[in-house]
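J.:
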Amino acid sequence: MATTTSRNDTESEHLSGWSSSRTGSSPAKTQRPLLGTDDVELLDDLLRLSAAAGVEPAVATTLAALRSRWSHHSLIVLGVDVAASLTEGFVPRRSGIVVAARSPSVSDSVWDTAASIGADQVALLPDGEVWLVDRLAAVGIEGRRTAPTVAVLGGSGGAGASSLCAAVAATGSQYAYGACAVDLDPVGTGLESLLGADDLSGLTWSDLAHTKGRVRGDSLVAALPRPGQVPVLGWGSQRPVPLLPGVVGATVDALAQSCDVLAVDLPRTLGEGAAEAICRSSLVALVVPRLSTAVVSAGRLLDAEELAGANVRLVVRGPSPGGLDAHRIAETLGVPLLSDVPGDARIDRRLEQGLMPAGSRGGLRKASDAVLEAVGLGRKAQRR
4 MATTTSRNDT
14 ESEHLSGWSS
24 SRTGSSPAKT
34 QRPLLGTDDV
44 ELLDDLLRLS
54 AAAGVEPAVA
64 TTLAALRSRW
74 SHHSLIVLGV
84 DVAASLTEGF
94 VPRRSGIVVA
104 ARSPSVSDSV
114 WDTAASIGAD
124 QVALLPDGEV
134 WLVDRLAAVG
144 IEGRRTAPTV
154 AVLGGSGGAG
164 ASSLCAAVAA
174 TGSQYAYGAC
184 AVDLDPVGTG
194 LESLLGADDL
204 SGLTWSDLAH
214 TKGRVRGDSL
224 VAALPRPGQV
234 PVLGWGSQRP
244 VPLLPGVVGA
254 TVDALAQSCD
264 VLAVDLPRTL
274 GEGAAEAICR
284 SSLVALVVPR
294 LSTAVVSAGR
304 LLDAEELAGA
314 NVRLVVRGPS
324 PGGLDAHRIA
334 ETLGVPLLSD
344 VPGDARIDRR
354 LEQGLMPAGS
364 RGGLRKASDA
374 VLEAVGLGRK
384 AQRR
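Numbering (the working numbering), first residue to last: 4 to 387.
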């Protein structure tokens with residue numbers, strides 16, 4: 004199974020009815036099962052059994068397509084060919100997973116593969132066809148509480164994405180939500196600096212870079228530096244180290260189960276780590292300065308495969324020497340406008356003083372409120 008795909012790849016007739024979240028609200032979890040396999044014969048069997056169950060499935064034949072729909076289906080039936088390719092952290096662990104294989108070609112390793120991805124059952128065909136038809140007909144999933152994850156991405160250099168990410172976490176904390184912040188940009192401003200954790204000891208990405216397997220969320224949160232009320236996972240003062248595939252995904256999963264809202268600062272150069280965070284995000288806030296060059300840069304960034312299927316919302320910030328209107332920018336980019344942040348000299352002064360940007364009552368606070376409300380977190384009583 005291929006690990007990459009273009010935006011229009013694998014969109015077969017089985018995906019009719021799917022609507023992109025970029026132009027509308029985040030898609031709700033559908034009762035249509037998702038079939039993930041690149042084995043033509045197995046796919047034919049699964050489509051036949053789906054028809055017998057009276058359900059119309061969606062189909063993903065690449066890992067990228069599978070990941071973009073991983074959280075949107077109550078039941079996922081994976082061919083053993085695909086299941087064997089899912090490394091830890093590539094997609095979040097969840098219930099409602101069945102591994103399917105055709106008996107003549109199956110080996111004992113199918114059971115280890117199913118266990119490694121947390122599958123509920125293994126269906127060996129043709130003996131398990133009756134059971135699988137019943138399972139397809141009774142699609143459902145047990146809900147599991149996880150905090151909404153907000154990913155913040157700069158549409159151009161110097162967009163202010165790190166400031167907004169820090170502000171979202173700090174504002175959420177001030178509204179009495181348990182907030183955590185994660186810095187995925189090793190060459191950015193640094194959430195540790197913005198949140199005041201420069202001189203604090205605690206766990207950094209260097210300590211997690213080679214972690215394999217699941218991470219315990221409460222232990223992770225307790226080990227992070229905590230300026231004020233916001234635990235932050237950053238890069239520390241050491242030279243940034245490459246992260247193994249799956250590390251970011253496993254870490255985001257763990258933190259999202261141990262807080263109320265998770266704010267993630269994405270690097271502008273997207274890659275595997277960013278993709279693992281994006282596919283777990285309820286919202287991607289794209290921050291674009293009110294400049295024509297920044298709009299062009301953001302438009303190119305939106306073509307990135309890692310953003311395919313993501314719930315992207317636009318935050319426009321700063322003054323406009325050329326008189327650019329925020330709504331016009333949103334229309335040009337094809338991204339719904341979430342917040343329009345005017346230039347605010349108070350924010351720059353606070354950053355120079357080493358203070359959290361969320362302390363301002365200006366546009367950045369307004370943008371933070373808009374982000375939190377967009378993921379269902381209205382204001383609570385502030386801490387005094």
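Just so you know, even glycine gets a beta-carbon here, dropped at the ideal spot from N, CA and C.
(1) Please confirm whether residue 271 has its beta-carbon closer than 9 Å to some beta-carbon of chain C.
(2) From the DSSP output, read off the bridge partner residues of residue 183.
(3) Straight-line CA distance for residue 274 to residue 309?
(4) In whole angstroms, what separates the C-alpha of residue 4 from that of residue 84?
(5) With the cut-off set at 9 Å, would you say residue 311 and residue 67 are in Cβ contact?
(6) Can you tell me whether residue 332 is helix, strand or coil according to DSSP?
(7) Short of 6 Å in beta carbon distance, which residues of its chain neighbour residue 87, apart from the five on each side in sequence? Order them along the chain.
(8) Considering only residues of the same chain and omitting the five flanking positions on each side of residue 230, which have a CB-CB separation below 7 Å?
(9) What does a CB cutoff of less than 6 Å around residue 293 pick up in its chain, not counting 5 residues either side in sequence?
(10) Would you tell me roughly how many angstroms separate the C-alpha atoms of residue 158 and residue 130, rounded to the nearest one?
(11) I'd like to confirm the pairing. Which residues does DSSP put opposite residue 289 in its beta bridges?
(12) What does a CB cutoff of less than 7 Å around residue 403 pick up in its chain, not counting 5 residues either side in sequence?
(13) Less than 6 Å between C-beta atoms, sequence neighbours within five positions excluded: which residues of the same chain meet that for residue 27?
(14) Tell me which residue opens and which closes the alpha helix (DSSP H) that residue 342 is part of.
(15) Rounded to whole angstroms, what is the Cα-Cα separation between residue 97 and residue 290?
(16) Would residue 261 pass as a contact of residue 210 if the rule is Cβ separation under 9 Å?
(17) What are the boundary residues of the alpha helix (DSSP H) that includes residue 307?
(18) Using CA atoms only, rank isn't needed, just tell me which of 92, 43, 214, 265 is closest to residue 175.
(19) Please report the distance separating the alpha-carbon of residue 140 from that of residue 281.
(20) Just how far apart, CA to CA, sit residue 57 and residue 35?
(21) Specify the secondary structure class of residue 241 as computed by DSSP and reduced to three states.
(22) Just to confirm the assignment, what range does the beta strand (DSSP E) spanning residue 120 have?
(23) Determine whether the beta carbon atoms of residue 206 and residue 135 lie at a separation below 9 Å.
(24) Considering Cα atoms alone, identify which of 325, 313, 344 is closest to residue 338.
(25) Are the CB atoms of residue 164 and residue 297 within a distance shorter than 9 Å?
(26) Ordered along the chain, which non-local residues of its own chain (more than five positions away) have a Cβ less than 6 Å from that of residue 345?
(27) Please list, in chain order, all residues of the same chain as residue 155 whose beta carbon is under 6 Å from its beta carbon, the five residues on each side excluded.
(28) Please report the straight-line C-alpha distance between residue 196 and residue 102, rounded to a whole angstrom.
(29) Looking only at its chain, what residues have a beta carbon closer than 6 Å to the beta carbon of residue 263, apart from the 5 residues adjacent to it on each side?
(30) CA-CA distance, residue 239 and residue 192?
(31) Which residues mark the beginning and the end of the alpha helix (DSSP H) in which residue 138 is found?
(32) Please classify residue 65: does DSSP put it in a helix, a strand, or coil?
(33) Candidates 258, 325, 252: which alpha carbon is nearest residue 279's?
(34) Quick one: give me the first and last residue of the beta strand (DSSP E) that residue 82 is part of.
(35) Take the Cβ of residue 54 as the centre, count every other Cβ of all protein chains shown within 10 Å, and call the residue buried at 16 or more, exposed below.
(36) Should residue 272 be labelled buried (16 or more other beta-carbon atoms within 10 Å of its own) or exposed?
T.: Short version:
(1) Of the protein chains in this structure there is only one, and it is not chain C.
(2) 265
(3) 7 Å
(4) Residue confidence for residue 4 is low, a pLDDT of 45 falling below 50, so the modelled location carries little weight and cannot support an answer.
(5) yes
(6) helix
(7) 116
(8) 198, 199, 200, 203
(9) 319, 321, 323, 327
(10) 52 Å
(11) 156, 317
(12) A question about residue 403 goes unanswered here, because the residues of the chain that appear run from 4 up to 387.
(13) Low confidence applies to residue 27: its pLDDT is 43, below 50, so where it sits in the model is not reliable enough to give any reading.
(14) Premise fails: residue 342 lies in the beta strand (DSSP E), 340 to 344, not in any alpha helix (DSSP H).
(15) 31 Å
(16) no
(17) Element bounds for residue 307: n/a, residue is neither H nor E.
(18) 265
(19) 31 Å
(20) 10 Å
(21) coil
(22) No beta strand (DSSP E) contains residue 120, which DSSP labels as neither H nor E.
(23) no
(24) 313
(25) no
(26) 366
(27) 164, 167, 168, 268, 288
(28) 45 Å
(29) 150, 180, 181
(30) 12 Å
(31) 132 to 140
(32) coil
(33) 252
(34) 79 to 82
(35) exposed
(36) exposed
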